[in-house]
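Visitor: Under my numbering, the first residue of the sequence shown is numbered 1, with each subsequent residue one higher. Below you will find the structure I want to go over with you.
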Amino acid sequence: MIISPVCDAQVSVEDNNSANVQDTILDVLIIDYPCDVTMCEGIRAETLIEYYGADWCEPCETLELMLDSISDKNIALIHHHPSVNDQSYLNHSKVRFAEQYRLIFIPSIVVDSDGLLTGAGQGAEVNQSMAITNVTFSGIDNLSISNGILNWNTSSIYDLQIWKLESVKHEFDNRMLNNTATDMMIVDNQQRVLNISDWVTNSTSRLVFILQSNETSQLRSLSSGSTGAKELSENDETLSGLLLHDGSYNAAVVTFLILLLCLLPALISFHRLQKQVDHESE
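Rendered as structure tokens:
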């Protein structure tokens with residue numbers, strides 16, 4: 001695992017309360033694109049899963065294959081690449097990763113902008129985590145696309161995010177990464193009609209519409225074996241930037257510290273021997 005979660009408060013899985021989710025996220029709709037009808041109607045998602053991975057992350061492959069096996073079309077799955085070292089890096093994903101959720105390490109999975117699973121071990125619990133979440137999305141009264149024109153309506157005060165998903169080839173492995181976020185646009189709350197025909201492409205596979213506050217989400221651990229959360233400090237934010245810039249940074253630091261500890265007894269003995277030789281020479 002290359003990343004660790006950061007939250008503002010520790011909350012147990014048993015304290016699951018959908019009201020907290022509604023403070024930050026109101027609604028999630030899906031349109032598989034292109035659709036076969038004249039007017040594409042948005043389908044309300046049952047669950048929003050946001051996976052944060054990287055092509056250079058070896059433990060990520062297991063999670064990606066597992067997420068690909070999810071066949072429920074009513075689940076909005078977004079594969080984010082927040083690392084600048086990825087060819088398919090998306091700045092919008094990095095902003096959501098670092099600012100919206102205040103995460104540090106890859107891989108991480110965020111469920112309904114409320115629950116967090118960190119690392120390949122916890123990520124394997126995503127199916128059981130979805131089973132215990134109790135969120136009902138609402139807020140978008142209607143949403144449709146006809147001839148490239150988006151029409152939507154809401155009684156909320158929030159803007160609408162549209163995430164464009166495509167299948168992207170893995171940089172190192174001979175496989176495709178499905179539902180990968182390749183772009184995102186924000187539709188102002190007052191703009192209820194928008195031409196997006198030039199924004200979507202032939203490679204666009206799905207559009208995910210999210211009605212959400214811009215406030216930082218307070219994530220809680222969904223893992224049954226979680227040890228809790230910690231406050232994000234200024235140093236953690238600095239470390240986050242370093243890790244996102246180079247995924248090998250963490251491993252290099254750990255390796256250096258281990259080697260230093262292994263050599264420390266020998267260095268101490270050498271120092272003592274050197275002092276003894278100097279003393280005898282006097």
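Even glycine gets a Cβ: it sits at the ideal position worked out from N, Cα and C. Please read all numbers here as calculations on a predicted model, not as lab measurements.
Determine the DSSP secondary structure at E237, reduced to helix, strand or coil.
Guide: Bear in mind that a pLDDT of 44 at E237, under 50, signals an unreliable position, so the model cannot answer this.
Visitor: What are the uninterrupted segments assigned as alpha helix (DSSP H) that are 4 or more residues long and contained completely in the stretch 88-169, given in chain order?
Guide: Those alpha helix (DSSP H) runs which fall completely within the stretch 88-169 and span 4+ residues are 91-95, 119-123 and 126-132.
Visitor: Using alpha carbons as the reference points, say which of G121, L260 and D159 lies closest to Q212.
Guide: That would be D159, whose Cα lies nearest to the Cα of Q212.
Visitor: Please list the terminal residues of the continuous alpha helix (DSSP H) segment that includes T62.
Guide: C60 to D68 is the extent of the alpha helix (DSSP H) around T62.
Visitor: Secondary structure at F270, three-state DSSP: helix, strand or coil?
Guide: Helix, per DSSP.
Visitor: For the beta strand (DSSP E) containing A181, name the first residue and the last one.
Guide: M176 to V187 is the extent of the beta strand (DSSP E) around A181.
Visitor: Consult DSSP for C262 and reduce its assignment to one of helix, strand or coil.
Guide: C262: helix per DSSP, three-state reduction.
Visitor: Taking three-plus beta-carbon pairs below 8 Å as touching, is the stretch 146-155 in contact with the stretch 69-83?
Guide: Output reads no: the stretch 69-83 does not touch the stretch 146-155.
Visitor: So I149 and N202 are supposed to be a Cβ contact under 8 Å. How far apart are they, rounded?
Guide: About 18 Å; that fails the 8 Å criterion.
Visitor: Find out if the Cβ-Cβ distance for the pair Y101, L219 is shorter than 8 Å.
Guide: Cβ distance < 8 Å, so Y101 and L219 count as in contact.
Visitor: Using CA atoms only, rank isn't needed, just tell me which of K94, L260, T62 and E166 is closest to N178.
Guide: Closest by alpha carbon: E166.
Visitor: Could you give the DSSP three-state label for L257: helix, strand or coil?
Guide: Here L257 sits in helix by DSSP.
Visitor: Whole angstroms are fine: how far does the CA of L259 sit from the CA of I145?
Guide: Looking at the two C-alpha atoms, the distance is approximately 59 Å.
Visitor: Among L67, R175, I140 and L143, which one has its Cα closest to the Cα of E125?
Guide: Among L67, R175, I140 and L143, the Cα nearest to that of E125 belongs to L67.
Visitor: Could you give the residue range of the beta strand (DSSP E) that holds R206?
Guide: Here the beta strand (DSSP E) through R206 covers T204 to Q212.
Visitor: Return the CA-CA distance between T286 and L257, expressed in angstroms with no decimal places.
Guide: No statement about residue 286 is possible, as the shown extent of the chain runs from 1 to 282 and does not include it.
Visitor: The beta strand (DSSP E) that contains N195, what's its start and end?
Guide: Segment V193 to N195, the beta strand (DSSP E) holding N195.
Visitor: Please report the distance separating the alpha-carbon of F270 from that of L264.
Guide: Near 10 Å, if we compare the C-alpha coordinates of L264 and F270.
Visitor: Starting from the C-beta of A181, find all residues in its chain whose C-beta is less than 8 Å away, skip the five residues before and the five after it, and write them out in chain order.
Guide: Contacts found: I78, H79, H80, H81, L90, H92, S93, W163, K164 and L165.
Visitor: Return helix, strand or coil for T216, following the three-state DSSP convention.
Guide: Residue state, collapsed to three classes: coil.
Visitor: Whose CA, out of H170, L117, S108 and N174, lies closest to the CA of S223?
Guide: For S223, the nearest C-alpha among the options comes from L117.
Visitor: Taking a contact to mean a Cβ-Cβ separation below 8 Å, would you say R206 touches I30 in this structure?
Guide: Yes, they are a contact pair.
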